[in-house]
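Report on the following structure.
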Amino acid sequence: MEEPIIQLRGITKVYRVGVETIHALRELDLDIHRNEFVAIMGSSGSGKSTLMNMLGCLDRPTSGEYRLGSRLVSSMKPDELALIRNVDIGFVFQSFELLPRQTALENVELPLMYSATAGGFRARRARAAAALERVGLGNRMDHRPNQLSGGQKQRVAIARAILSNPKILMADEPTGNLDTATTGEILALFTQLHREGQTIIIVTHENDVAAHCRRVVRLRDGRILSDLPAEEDPEVASHVAGAREAQAARLAAAGAAA
Amino acid sequence: MSARGTGSAPRGGLSGFFFLKTIGMALSQIWANKTRSFLTALGIIVGVASVTAVIAALTGLKTKVLTEFESVGAARLYVFPNRPDNVPRSKIPWEKCRLRIEEARAIADQCPSLKGISPLVDITLSVESDTQLIEGMSITGIWPAWHDAIGRKVLRGRPFTQIDVETARQVALVNEAAVEELSLDEAGSGGIGSHVLLGGRRFLVVGVVETLQARMFGMNSSQAEIFVPFSVAEKLLEGWYFMQFVAIARSPEVAEEAKAEIEYVLRRQRGLTKEDPDTFRVAAIDQFINQFKSLASGVTAIAGGIVGISLLVGGIGIMNIMLVSVSERTREIGLRKAVGATSSAILLQFLLEAVTLTLLGGLVGLVIGKLMALSLTFIPGANLEQADVPPWAIAVALVFSAGVGVLFGMWPAYKASRLDPIEALRHE
Numbered sequence: 000m001e002e003p004i005i006q007l008r009g010i011t012k013v014y015r016v017g018v019e020t021i022h023a024l025r026e027l028d029l030d031i032h033r034n035e036f037v038a039i040m041g042s043s044g045s046g047k048s049t050l051m052n053m054l055g056c057l058d059r060p061t062s063g064e065y066r067l068g069s070r071l072v073s074s075m076k077p078d079e080l081a082l083i084r085n086v087d088i089g090f091v092f093q094s095f096e097l098l099p100r101q102t103a104l105e106n107v108e109l110p111l112m113y114s115a116t117a118g119g120f121r122a123r124r125a126r127a128a129a130a131l132e133r134v135g136l137g138n139r140m141d142h143r144p145n146q147l148s149g150g151q152k153q154r155v156a157i158a159r160a161i162l163s164n165p166k167i168l169m170a171d172e173p174t175g176n177l178d179t180a181t182t183g184e185i186l187a188l189f190t191q192l193h194r195e196g197q198t199i200i201i202v203t204h205e206n207d208v209a210a211h212c213r214r215v216v217r218l219r220d221g222r223i224l225s226d227l228p229a230e231e232d233p234e235v236a237s238h239v240a241g242a243r244e245a246q247a248a249r250l251a252a253a254g255a256a257a
Numbered sequence: 000m001s002a003r004g005t006g007s008a009p010r011g012g013l014s015g016f017f018f019l020k021t022i023g024m025a026l027s028q029i030w031a032n033k034t035r036s037f038l039t040a041l042g043i044i045v046g047v048a049s050v051t052a053v054i055a056a057l058t059g060l061k062t063k064v065l066t067e068f069e070s071v072g073a074a075r076l077y078v079f080p081n082r083p084d085n086v087p088r089s090k091i092p093w094e095k096c097r098l099r100i101e102e103a104r105a106i107a108d109q110c111p112s113l114k115g116i117s118p119l120v121d122i123t124l125s126v127e128s129d130t131q132l133i134e135g136m137s138i139t140g141i142w143p144a145w146h147d148a149i150g151r152k153v154l155r156g157r158p159f160t161q162i163d164v165e166t167a168r169q170v171a172l173v174n175e176a177a178v179e180e181l182s183l184d185e186a187g188s189g190g191i192g193s194h195v196l197l198g199g200r201r202f203l204v205v206g207v208v209e210t211l212q213a214r215m216f217g218m219n220s221s222q223a224e225i226f227v228p229f230s231v232a233e234k235l236l237e238g239w240y241f242m243q244f245v246a247i248a249r250s251p252e253v254a255e256e257a258k259a260e261i262e263y264v265l266r267r268q269r270g271l272t273k274e275d276p277d278t279f280r281v282a283a284i285d286q287f288i289n290q291f292k293s294l295a296s297g298v299t300a301i302a303g304g305i306v307g308i309s310l311l312v313g314g315i316g317i318m319n320i321m322l323v324s325v326s327e328r329t330r331e332i333g334l335r336k337a338v339g340a341t342s343s344a345i346l347l348q349f350l351l352e353a354v355t356l357t358l359l360g361g362l363v364g365l366v367i368g369k370l371m372a373l374s375l376t377f378i379p380g381a382n383l384e385q386a387d388v389p390p391w392a393i394a395v396a397l398v399f400s401a402g403v404g405v406l407f408g409m410w411p412a413y414k415a416s417r418l419d420p421i422e423a424l425r426h427e
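If you read the protein sequences in the order shown, they are chains A and B. Residues 0 to 257 (numbering that gives the first Met the number 0) are what the first sequence spells out, left to right. Residues 0 to 427 (numbering that gives the first Met the number 0) are what the second sequence spells out, left to right.
This is the structure in structure tokens:
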């Protein structure tokens, strides 16, 4: 079998808050392969945010090894990690994090500012434009965030994240600030990107979101509680079943009415 | 096993794109907070504007004064009585220092490099014409060589002659201003042939010289001048008087030799031995220029000090606003780090922003300073017609503005660069 793109071995993260010691992650092992579509779930305090920061190279483990592709990132220096984040990781946040005075195109270009190898002015612009096309915003390039809807803003953020064709796309509650209809739209976009070969990791507490993923990893107290294909995860499965029933009921009601 | 994988790892570092983008964003940041940015940069603006104006004024004055000095020629020498320093007053009485007319004659006879020499002695007297009376006018006693030495020719009539001096004829030269103020032109002869009463003696006006342009420092209400032969002036004088000599070398090139000759003749006249110090001083025109230059650089230094203080105050304002900016944009900094900005990139970015702000302030200050300099040239009688901002002052102003940005932007930029991206993104 192909080498996993992400290999975590014995990852432990310990914080000290005053005299208290908090074990955010305990001896955690996790493999993620190329083109997987993973949901990381868990209640608050389960360690999912810490795991996400770790996977996104924003944080370093207290102990353990993290291998991204062929590289051991757990022992890298901050500047090397910055380069990894610039090239190998794309972030999508709950509150979009777009710069308000910049156009959609300029926002998407942002990571290229910190790259020395992204080519000339036009090449950068073309790459940003291509990323916006991929998320279906080719006609909104010169709009500023305040001229865009929530869903459009998150699309811009996704375009920014996939700009450098990252090894992994990390999304932290990407639909947390969106209504149901828009949530569906954004999840459809993630599904499309996954079909195009993108490895995606979504941190969420919503079964609805997890249902779109292929694999669900549940955390509790800094340990992996369960790691199952989405359709085998009991909560997600029951959520899907419930949704189907509700839809069937709606259809039945509609049929009866007709 | 190697920590680094095989294959070509992408290279870190910053591109021209980074600088272009950063400056663009800094400008849009400044524009978005127009009032705040303006108030912040005000210290820099005022500092740069005031120093620019002061330097422009000094430069104008310098140009003017130097042109005036040069127009009178580098060949001119002045001789003053001078009590040597660090010698007790009792040892060398004033009597031994003051210049005598015999000394002027000796210099005139014995200095081959000199073209001419004239004593200068000022008497204050009331002057009367047929219709006017002017109290306390300055009368100067001179020799004919004065025309050459000072470089002022007669416009009408004739200069003094050796005979005027030797026979002590009661003749006078006046300037145009005196002709006007004493109404000497009644007969329509431009003043020539008219008479003036000096201390009760009747003088025939034989020539008219040009009126000097505004006196160099300060302005007298009257610009009228009257000159009489030195031998006549001696008769008008009572008791003690102060005399100096003005001399002119044959050419500017031999001015130094002429100076040495005068010193030699005077020392011999006064019987000074090798050990005795000079009891007089011979000054060439370039010594006046040097004095003026050192005065001007003194004023420049003081102005520089004042500007330093205002730049310091301005710099503290910059630091304050940059700290506010860093705090307001904590999430943005978190995002930038998340998408790959290194700490040094963030540091550089905020430094560039501070420098952009201070440089803009400096530029605005320069424009205001230039306008101030321009308005100075319209002040009548201030001798500042040539006030202008020299290129070096523009360079210095811009370098200092940028320096203030770097110096006072450093701490806020450092703070920004140290932010933890996770914390920063959680910041509300």
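Even for Gly, the Cβ is constructed at its ideal location relative to N, Cα and C.
Please report whether the beta-carbon of PHE17/B lies at a distance below 7 Å from any beta-carbon of chain A.
yes
Verify the CB distance criterion: does LEU346/B have a CB-CB separation below 7 Å to chain A?
Against chain A, the CB of LEU346/B has no partner CB under 7 Å away; the residue lies outside that interface.
Within the same chain, show all residues whose beta-carbon is closer than 8 Å to that of GLY9/A, passing over the 5 residues directly before and after it, in chain order.
Same-chain partners within the cutoff: GLU26, LEU27, ASP28, SER62, GLY63, GLU64.
Based on Cα-Cα distance, which residue from VAL107/A, ASP171/A, ALA129/A, GLN93/A lies nearest to ALA38/A?
Among VAL107/A, ASP171/A, ALA129/A, GLN93/A, the Cα nearest to that of ALA38/A belongs to ASP171/A.
Of the residues ALA210/A, ILE201/A, GLY196/A, ALA242/A, which one's Cα is nearest the Cα of ARG33/A?
Cα-wise, what sits closest to ARG33/A is GLY196/A.
Is the shortest distance between the beta-carbon of GLY23/B and the beta-carbons of chain A less than 7 Å?
no
Tell me where the alpha helix (DSSP H) around PHE407/B begins and ends.
390-417
Below 8 Å on the Cβ atoms is my guess for VAL47/B versus SER400/B; work out the distance and round it to an integer in Å.
Confirmed, about 6 Å.
With distance defined between alpha-carbon atoms, name the residue in GLY364/B, LEU236/B, MET242/B, ILE288/B nearest to GLU102/B.
MET242/B
Report yes or no: do three or more beta-carbon pairs, one from the stretch 57-67 of chain B and one from the stretch 332-351 of chain B, lie closer than 8 Å?
no
Check each residue of the stretch 383-404 of chain B: if its Cβ is closer than 7 Å to any Cβ of chain A, include it; give the result in chain order.
Taking 7 Å as the Cβ-Cβ cut-off against chain A, none of the residues of the stretch 383-404 of chain B qualify.
Using three-state DSSP, classify GLY342/B as helix, strand or coil.
Correcting the residue identity first, residue 342/B is Ser in this sequence and not Gly. Reduced to three states, the DSSP call for SER342/B is helix.
Here's the rule I'm using: 16 or more other beta-carbon atoms within 10 Å means buried, otherwise exposed. How should ALA117/A be labelled?
buried
Count the other C-beta atoms from every protein chain shown that fall within 10 angstroms of the C-beta of THR66/B, then say buried if there are 16 or more, exposed otherwise.
Residue burial annotation: THR66/B is exposed, with fewer than 16 other C-beta atoms found within 10 angstroms of its C-beta.
Kindly give me the distance between the Cβ atoms of GLU209/B and LEU172/B, rounded to whole angstroms, as I take these residues to be in contact under 8 Å.
Actually they do not touch by this definition, with Cβ atoms about 11 Å apart.
If you check the beta carbons only, do ILE247/B and GLY115/B fall under 7 Å apart?
Between ILE247/B and GLY115/B, the gap from beta carbon to beta carbon is short of 7 Å.
What is the rounded straight-line gap between the Cα of ALA23/A and the Cα of LYS76/A?
22 Å
Under the three-state reduction of DSSP, which class applies to PHE244/B: helix, strand or coil?
strand
What does a CB cutoff of less than 8 Å around SER7/B pick up in its chain, not counting 5 residues either side in sequence?
Bear in mind that a pLDDT of 40 at SER7/B, under 50, signals an unreliable position, so the number given afterwards is only what the model happens to contain. Close CB contacts of SER7/B within its chain, under the 8 Å cut and outside five residues either way in sequence, are absent.
Can you tell me whether ASN319/B is buried or exposed? The criterion is at least 16 other CB atoms within 10 Å of its CB, across all chains shown.
ASN319/B is exposed by the Cβ-count criterion.
Cα-Cα, which of THR130/B, VAL53/B, GLU352/B, ALA282/B is closest to ALA300/B?
Comparing Cα-Cα distances from ALA300/B to each of THR130/B, VAL53/B, GLU352/B, ALA282/B, the minimum goes to VAL53/B.
Work out the CA separation of GLU331/B and ALA415/B for me, nearest whole Å.
Going from the Cα of ALA415/B to the Cα of GLU331/B covers about 10 Å.
Under a CB-based cut-off of 7 Å, is LEU334/B close to chain A?
yes
Just the C-alpha distance for GLN122/B and ALA254/B, rounded to the nearest angstrom, thanks.
Reading off the sequence, residue 122/B comes out as Ile, not Gln. Cα-Cα distance, rounded: 29 Å.
Just grab the DSSP bridge partners of ASN174/B for me.
VAL208/B
Cβ closer than 8 Å: which chain B residues qualify as neighbours of GLU19/A?
Ordered by position in chain B, no residue passes the 8 Å Cβ test against GLU19/A, which lies about 18 Å from the chain.
Which first and last residues belong to the beta strand (DSSP E) in which LEU224/A is found?
222-228
Pull up the distance between the alpha-carbon of PRO110/A and that of SER27/B, whole angstroms please.
Taking the Cα positions, PRO110/A is about 19 Å away from SER27/B.
What residues from the stretch 32-47 of chain B come within 8 Å of chain A, judged by C-beta to C-beta, listed N to C?
Going along the stretch 32-47 of chain B in chain order, one finds no residue with a Cβ nearer than 8 Å to chain A.
Applying a beta-carbon distance threshold of less than 9 Å, which residues of chain A neighbour ARG330/B?
SER94, GLU96
Taking Cβ to Cβ, would you say PHE36/A is nearer than 7 Å to CYS212/A?
yes
Over the uninterrupted beta strand (DSSP E) stretch that includes GLN153/A, give me the two end residues.
Careful: GLN153/A lies outside any beta strand (DSSP E), inside the alpha helix (DSSP H) at 149-161.
For the candidate residues THR198/A, ARG217/A, PRO228/A, whose alpha-carbon lies nearest to that of SER45/A?
Of the listed residues, the one whose Cα sits closest to SER45/A is ARG217/A.
Thinking PRO144/A and LEU97/A are a contact (beta carbons under 8 Å), I'd like their distance in whole angstroms, please.
Taking C-beta atoms under 8 Å as the contact rule, PRO144/A and LEU97/A qualify, at a distance of about 4 Å.
Counting only the same chain and skipping the five closest in sequence on each side, list residues whose C-beta sits under 8 Å from that of ILE345/B.
Counting only Cβ-Cβ distances below 8 Å, and skipping sequence neighbours, we find ILE332, ARG335, LYS336, ALA412, ALA415, SER416, LEU418.
Would SER128/B and LEU183/B qualify as a contact pair, given that the criterion is a beta-carbon distance under 7 Å?
yes
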